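*Asks:* Chains as they are written, first to last, in the numbering used here: chain A, 6 to 390; chain B, 120 to 456. Ideal placement from N, C-alpha and C gives every residue a C-beta, glycine not left out. Predicted model, so just to flag it, every value in this text is computed and none were measured. Can you keep this structure in mind? I'll have questions shortly.
Spelled out as structure tokens, the structure:
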């Protein structure tokens, strides 16, 4: 065997070039970092993350946790993050519900329903999101009457300061009702397991739909009655300029949720349609041949297979929605991009730190969402034997 | 997305800019114009007109700086900036001077790496309300929704004022001036707060200006002035002394109309200002007729004030604190000698 010079050994060469690449990239990053630090020092710009403990001094219009002007920038960051999560959470919920309905409607044999769904999709996914947000905010919600002349629909109040609902306030003893609700949930899980086991053992399942509903509503209601109705409603009342008390959704939140969910739902609808159409017709025919009912075919055969196609693109729609919530900076919704990468950045002037944190948060949120969806996807994926 | 591009490019600029660069004056002379950061449109201070030009006292200060350096007030380019973008734009070197109704405050002067170079306008924060609301004093504003500009000292003063008076409020913050005004006009807020000069200026843009009043309370000191990067003192001196020259010119009775004739004056103070005696431009790297050019091409402080915000403008704001110290105000410039 001919001895090979070590520089001709492909493995050593591969290693050499990989190490070289790492050194170049690492050196490049090191130069950027040291140069940045030098420049910041030369410009006398404060740096570091100490500012997070400093007093913020500004107010925020919607706070899910306690916050005041004397709270720290770190606290303001948390408030803003929660506001982002709130709008993303509500938006994802409605976008999914509307998207599935519209997607299924698009496949409806009813001509009118299918066309309406098509018009919905083509309209909303082709208008820029920012315009839609501004439309809902300035053209719809800000034209509502002033608080003094609020629209009243039952106990629901609407004016240009938002949407008000009576807030349920639990009295002592309400804990039992909550506990009863969770017991009912456990009972339903147990019932389903039992029914499943019986079906496998005897070939005959138990009816679970009606007993489950009965359990879910009946148990908490009975407890509620037994505990002496320990609940009252706090009704919003007009005091000075605004309504005080009750549950309130500020118009900025409403506009953002409306725009984000309607826009994203149009994309989700198309994803759902393509998912359902991806399941070959033969599957349904085979299921019919086995004697399954139409709902069973959908639930047991078509949807599980469609979901495998739907979940991955659905995940990216969820990510888009979360990231698009940063467009709220155009209206006054106090979310991360507006409060933290806006007000806090401006007050501290620490652009690099603030933007790094903000980008890291959006990245983290996206990775978490996609991890959760991937986990779900792997559970429902085709199991090959 | 534009602002993220700006912020990202700022971060990149800070990352890559070489620590030891030439002085700002050299840079400006080399490129042939002054890059000046102004507002996106605040009547009287810096607002674009229908011919694509800019007007306002902040704009005129930039023109005066250009006149001092080049002898030509038009050798200036304007960068409209939101309140949020302005500081990063200056830090990154995207602009040479920030002349954008910016309040001089300690934290900005120290932690941001800036120098404030004088006060072009003494302002104070106030509130505007609709007449129909029946509010007569800021003390009546408990529980109100307040429209305010994002990332300004205004929003901090607002928070302090309500906190110290034990009142509640709901801040509705927008990034642009016109968004704030639109939200106030749509009824989203009960009151709109900013510097009083801004209230008067923006009141003109409302559908029915007479239906809105500015409340009597002044809740803060807002000395507005030009800002430069910390560390380049020569450039800072040019900005300071441009403003001081305009003030001194008013005090000495020099204006754009008579300054050419005044070159022959026997008054030693006037001779020094106009460069016929002494070499005062030298220390700043400027020619000796730098001050003459400012006065001849842009005018003195009174001319600038009157045509933009004062009696000859739609705003009609009285001189008040901004009168010379000799006339009951507090505008006072160090002497040129």
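Taking the runs of the alpha helix (DSSP H) that are 4 residues or longer, which of them lie wholly in the region 119 to 206 of chain A?
*Replies:* 134 to 139
*Asks:* Starting from the Cα of residue 186/B, find the closest Cα among 246/B, 357/B, 201/B, 427/B and give me that residue.
*Replies:* 357/B
*Asks:* Out of 211/A, 234/A, 309/A, 41/A, which one is the CA nearest neighbour of residue 176/A?
*Replies:* The shortest Cα separation from residue 176/A among 211/A, 234/A, 309/A, 41/A belongs to 234/A.
*Asks:* Whose C-beta lies closer than 8 Å to the C-beta of residue 302/A among residues of the same chain, with five residues either side of it excluded?
*Replies:* 289, 292, 293
*Asks:* Is the separation between the beta-carbon of residue 448/B and that of residue 303/B shorter than 9 Å?
*Replies:* no
*Asks:* What whole-angstrom Cβ distance do residue 215/B and residue 157/B have, given they're in contact under 8 Å?
*Replies:* With a Cβ gap of about 12 Å, residue 215/B and residue 157/B do not count as contacting.
*Asks:* Can you list, in chain order, the residues of its chain whose CB lies under 7 Å from that of residue 252/B, leaving out five sequence neighbours each side?
*Replies:* 309
*Asks:* Would you say residue 115/A reaches chain D, if we count a Cβ-Cβ gap shorter than 9 Å as a contact?
*Replies:* Any reference to chain D falls outside this structure, whose protein chains are A and B.
*Asks:* Are any of the Cβ atoms in chain A nearer than 9 Å to that of residue 68/B?
*Replies:* Nothing in the structure corresponds to residue 68/B, since chain B is present only between 120 and 456.
*Asks:* Along the chain, where does the beta strand (DSSP E) that runs through residue 317/A open and close?
*Replies:* Here residue 317/A belongs to no beta strand (DSSP E); instead the alpha helix (DSSP H) covers 308 to 329.
*Asks:* Closer than 9 Å, CB to CB, is residue 309/B near chain A or not?
*Replies:* Against chain A, the CB of residue 309/B has a partner CB under 9 Å away; the residue lies at that interface.
*Asks:* Taking just the CA atoms, how far does residue 355/B sit from residue 236/B?
*Replies:* 6 Å
*Asks:* Could you work out which residues of chain A lie near residue 293/B, taking near to mean beta carbons separated by less than 7 Å?
*Replies:* 337
*Asks:* Given 8 Å as the limit, is there contact between the region 95 to 104 of chain A and the region 66 to 85 of chain A, that is, 3 or more CB pairs closer than that?
*Replies:* no
*Asks:* Taking DSSP's pairing of strands, which residues face residue 245/B in a bridge?
*Replies:* 313/B
*Asks:* Measure the Cβ-Cβ separation of residue 406/B and residue 400/B and say whether it is below 9 Å.
*Replies:* Judged by beta-carbon spacing, residue 400/B lies within the 9 Å limit of residue 406/B, meaning their Cβ atoms are closer than that value.
*Asks:* Please classify residue 202/A as buried or exposed, where buried requires at least 16 other C-beta atoms within 10 Å of its C-beta.
*Replies:* exposed
*Asks:* What span of residues does the beta strand (DSSP E) with residue 288/B cover, start to end?
*Replies:* 288 to 293
*Asks:* Beta-carbon of residue 374/A versus every beta-carbon of chain B: anything under 9 Å?
*Replies:* no
*Asks:* Using a Cβ-Cβ cut-off of 6 Å (strictly less than) and excluding sequence neighbours within five positions of residue 254/B, which residues of its own chain qualify?
*Replies:* 248
*Asks:* Kindly identify the DSSP beta-bridge partner or partners of residue 222/B.
*Replies:* In the DSSP assignment, residue 222/B forms a beta bridge with 343/B.
*Asks:* Hey, how far is the Cα of residue 190/A from the Cα of residue 88/A?
*Replies:* 29 Å
*Asks:* Would you please verify whether the beta carbon of residue 144/B is less than 9 Å from any beta carbon of chain A?
*Replies:* no
*Asks:* How about residue 47/A and residue 350/B: do their beta carbons lie closer than 9 Å?
*Replies:* yes
*Asks:* Does DSSP put residue 240/B in a helix, in a strand, or in coil?
*Replies:* It is a strand residue.
*Asks:* Residues in its own chain within less than 7 Å of residue 348/A by CB, not counting five upstream and five downstream?
*Replies:* 63
*Asks:* How would you write the range of the beta strand (DSSP E) that residue 264/B sits in, first residue to last?
*Replies:* 263 to 268
*Asks:* Using the beta-carbon of each residue, which ones in chain B are nearer than 8 Å to residue 62/A?
*Replies:* 275, 278, 279
*Asks:* Out of curiosity, what's the CA-to-CA distance linking residue 316/B and residue 177/B?
*Replies:* 13 Å
*Asks:* According to DSSP, which residues form a beta bridge with residue 173/B?
*Replies:* Assignment of beta-bridge partners to residue 173/B by DSSP yields 167/B.
*Asks:* Let me make sure I understand the geometry here. Which of 328/A, 344/A, 246/A, 363/A has the alpha-carbon closest to that of residue 374/A?
*Replies:* 328/A
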